[in-house]
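Residue numbers (numbering that gives the first Met the number 0): 0 to 190.
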Amino acid sequence: MHTRLATEHDVPAITAITNQSIATSFAHFATCPIAVEDDLADFRQNHAMLPWVVAVEEDENGKAQCIGYARSSKWKSRCAYDWAVELGVYVHPDHHRKGIAKALYTQTLTILKAQNYRTAIGGIALPNEPSVRLHESMGFKKAGVFEHVGYKMNAWRSVGYWQLHLVDDLDPPKQVLSVADACAQLDMRSV
Numbered sequence: 000m001h002t003r004l005a006t007e008h009d010v011p012a013i014t015a016i017t018n019q020s021i022a023t024s025f026a027h028f029a030t031c032p033i034a035v036e037d038d039l040a041d042f043r044q045n046h047a048m049l050p051w052v053v054a055v056e057e058d059e060n061g062k063a064q065c066i067g068y069a070r071s072s073k074w075k076s077r078c079a080y081d082w083a084v085e086l087g088v089y090v091h092p093d094h095h096r097k098g099i100a101k102a103l104y105t106q107t108l109t110i111l112k113a114q115n116y117r118t119a120i121g122g123i124a125l126p127n128e129p130s131v132r133l134h135e136s137m138g139f140k141k142a143g144v145f146e147h148v149g150y151k152m153n154a155w156r157s158v159g160y161w162q163l164h165l166v167d168d169l170d171p172p173k174q175v176l177s178v179a180d181a182c183a184q185l186d187m188r189s190v
């Protein structure tokens with residue numbers, strides 16, 4: 000297994016993983032499947048400034064298969080939030096508990112830090128102890144819980160938010176770099 004930046008060719012697999020989560024869990028709060036075209040439009044609009052990272056593994060025929068992904072999005076649309084991102088990570092159920100989510104987050108957070116983002120936020124539908132452990136193992140701190148804010152799978156769900164400061168200072172922020180520029184600084188291949 001290795002991680003890399005996602006390409007448009009990965010979007011159908013990303014959508015399939017997302018839709019499986021939508022159908023079988025409360026980790027994703029959508030209740031209807033997402034169309035590949037919608038994910039593709041989102042990818043095209045955002046991936047230059049907000050990294051999407053995939054975990055890829057070769058199948059028995061040697062063909063690369065996307066088995067998980069991490070996706071960054073703006074925390075809020077108002078300009079004062081430009082240095083804060085929300086992260087989501089999803090792994091195909093056949094590949095849970097193999098360290099894939101941690102590998103995806105590690106690469107994503109490295110890129111975000113190089114881009115000059117300052118804060119990463121993870122939302123977790125509760126209860127979800129494996130996701131809480133993942134976030135806390137990566138240095139995220141619990142910021143708060145919105146109780147009973149989503150109704151899915153015949154139950155009210157609370158959402159907790161975990162926050163990671165990517166820099167320790169309170170200096171004025173630097174300009175956010177593109178994913179490509181950050182990857183060039185890191186000497187990572189930008190696909």
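Virtual Cβ for every residue (Gly too), placed ideally from N, Cα, C.
This structure is a prediction, so every number in the text was calculated from the model and none was measured.
Candidates T14, A142 and L4: which alpha carbon is nearest V35's? Sequence index remark: in the sequence shown, residue 35 carries index 36 (1-based). Comparing Cα-Cα distances from V35 to each of T14, A142 and L4, the minimum goes to T14.
Since I66 and V55 are thought to touch, with beta carbons under 8 Å apart, how far apart are those beta carbons, to the nearest angstrom? Position 67 of the sequence shown holds residue 66. Position 56 of the sequence shown holds residue 55. With 8 Å as the limit, I66 and V55 qualify as a contact, their Cβ atoms being about 7 Å apart.
DSSP bridge partner residues for E55 (one or two, in chain order): Counting from 1 along the sequence shown, the entry for residue 55 is found at position 56. Looking at the sequence itself, residue 55 is Val, so the reference to Glu does not match. As computed with DSSP, V55 is found in a beta bridge with H1 and C65.
Near V190, what residues of its chain come up, given a Cβ to Cβ distance below 7 Å and the 5 sequence neighbours on each side ignored? In the sequence shown, the residue the question calls residue 190 occupies position 191. With a pLDDT of only 46 at V190, under the threshold of 50, the placement of this residue in the model should not be trusted; the figure read from the coordinates follows. R3, L4 and T6.
Coil, strand or helix - V190 by DSSP: Counted from its first residue, the sequence shown places residue 190 at position 191. Low confidence applies here, because V190 scores a pLDDT of 46, under 50, leaving its location unreliable; read the following figure in that light. Here DSSP, grouped into helix, strand and coil, assigns V190 to coil.
Can you tell me which of the three DSSP states H134 falls into? As a first step, residue 134 must be located in the sequence shown, where it is residue number 135. The three-state reading of DSSP puts H134 in helix, counting H, G and I together.
Is the number of C-beta pairs between the region 108-126 and the region 160-168 that are closer than 8 Å three or more? Yes, they touch.
Going by other Cβ atoms of all chains shown within 10 Å of its Cβ, with 16 needed for buried, is Y80 buried or exposed? Within the sequence shown, numbered from 1, the residue matching residue 80 stands at position 81. Classification of Y80: exposed, given that the 10 Å Cβ count is below 16.
Leaving out five residues before and five after W161 in sequence, what residues of the same chain have Cβ atoms less than 6 Å from its Cβ? Here residue 161 corresponds to residue number 162 of the sequence shown, with the count starting at 1. The residues are G121, H134, F139 and K141.
Same chain only: Cβ atoms within 6 Å of A181, ignoring 5 sequence neighbours per side: Start at 1 with the first residue of the sequence shown, and residue 181 comes out as number 182. The residues are I110, A113 and Q114.
Could you tell me which residues DSSP puts in a beta bridge with V158? To locate residue 158, count along the sequence shown from 1; it is residue 159. Answer is A124 and F145.
Check R70 in the structure and name its three-state DSSP category. Along the sequence shown, read from residue 1 onward, the residue named residue 70 stands at position 71. In the three-state scheme derived from DSSP, where H, G and I count as helix and E and B as strand, R70 is classed as strand.
Could you name the residues of the same chain whose beta carbon sits closer than 8 Å to that of Q64, not counting the 5 residues immediately before and after it, in chain order? Here residue 64 is taken as the residue at index 65 of the sequence shown, counted from 1. Closer than 8 Å at the Cβ level, and outside the excluded window around Q64, lie A12, V55, E56, E57 and D58.
Are there 16 or more other CB atoms within 10 angstroms of the CB of S72, so buried, or fewer, so exposed? Locating residue 72 in the sequence shown gives position 73, where the first residue counts as 1. Exposed, by the Cβ-count rule.
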